[in-house]
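Residue numbers (the working numbering): 13 to 219.
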């Protein structure tokens with residue numbers, strides 16, 4: 013099968029992750045590049061222009077992660093694409109699916125702050141979406157990320173409308189200095205009204 017002639021920057025590949033970035037045993041592939049500039053970015057190397065990345069074409073990445081295929085198949089796991097913002101590599105992920113077939117679980121960890129065309133491309137090929145929404149309040153969101161959250165809301169609605177509600181885990185963090193438990197409760201209620209069922213509530217740990 014032919015892969016798209018694109019070699020995105022990858023800042024890291026982490027193997028043997030159990031129930032961390034998806035179901036079963038998974039391998040995390042973290043892409044370089046993100047539209048957000050979060051105050052407490054967990055992967056700042058995804059934004060800088062230094063040499064913290066390596067380019068991978070689709071075939072090379074597939075061959076590297078394929079070594080754990082037995083673990084994926086035995087546990088219902090697979091590959092989780094994170095970053096950075098993996099949705100920006102939607103075409104690459106689609107071609108990766110052609111190589112790995114339907115048996116691997118493909119997950120994306122995303123902010124969903126991208127154009128709908130990127131999410132549309134992923135709908136036929138991605139099994140699960142892990143979504144970090146920061147906060148649903150647009151003022152809090154912009155203060156923390158430097159961007160509006162209009163695209164996030166639109167893409168959440170798109171996923172629900174396309175029947176992917178069961179495949180979504182929405183992370184709703186408590187961000188010290190930016191939102192409160194009350195703000196987080198409001199976010200959860202707004203998300204529930206949109207038809208979203210599954211949440212991961214946690215607190216950002218600041219150094």
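Cβ atoms here follow ideal geometry from the backbone N, Cα and C, with glycine treated the same way. All of these numbers come straight from a predicted model, not from anything done at the bench.
Candidates the options, of which the one nearest residue i by Cα
i: residue 64; options: 70, 56 and 29; result: 56
i: residue 39; options: 29, 45 and 46; result: 29
i: residue 113; options: 165, 139 and 54; result: 139
i: residue 186; options: 207, 213 and 203; result: 213
i: residue 205; options: 168, 80, 218 and 71; result: 168
i: residue 76; options: 53, 86 and 111; result: 111
i: residue 135; options: 116, 162 and 106; result: 106
Same chain, Cβ closer than 6 angstroms to residue i, five either side skipped, listed in chain order
i: residue 24; result: 42
i: residue 191; result: 147 and 152
i: residue 158; result: 49
Which of helix, strand or coil DSSP assigns to residue i
i: residue 15; result: Confidence at residue 15 is low in this model, with a pLDDT of 46, below 50, so its placement is unreliable and the value that follows should be read with caution. Correct three-state label for residue 15: coil.
i: residue 205; result: helix
i: residue 132; result: helix
i: residue 216; result: coil
i: residue 145; result: coil
i: residue 97; result: coil
i: residue 89; result: coil
Enclosing alpha helix (DSSP H) for residue i [first to last residue]
i: residue 71; result: 70-77
i: residue 151; result: 150-157
i: residue 48; result: Here residue 48 belongs to no alpha helix (DSSP H), and DSSP marks it neither H nor E.
i: residue 115; result: Unbroken run through residue 115: none, as it is neither H nor E.
Boundaries (first-last residue) of the beta strand (DSSP E) holding residue i
i: residue 183; result: 180-186
i: residue 192; result: Element bounds for residue 192: n/a, residue is neither H nor E.
Rounded straight-line distance, which links the Cα of residue j to that of residue i
i: residue 58; j: residue 137; result: 24 angstroms
i: residue 13; j: residue 124; result: Caution applies to residue 13, whose pLDDT of 41 falls short of 50 and renders its modelled position unreliable; the model cannot decide the point.
i: residue 171; j: residue 210; result: 13 angstroms
i: residue 97; j: residue 144; result: 11 angstroms
i: residue 198; j: residue 70; result: 41 angstroms
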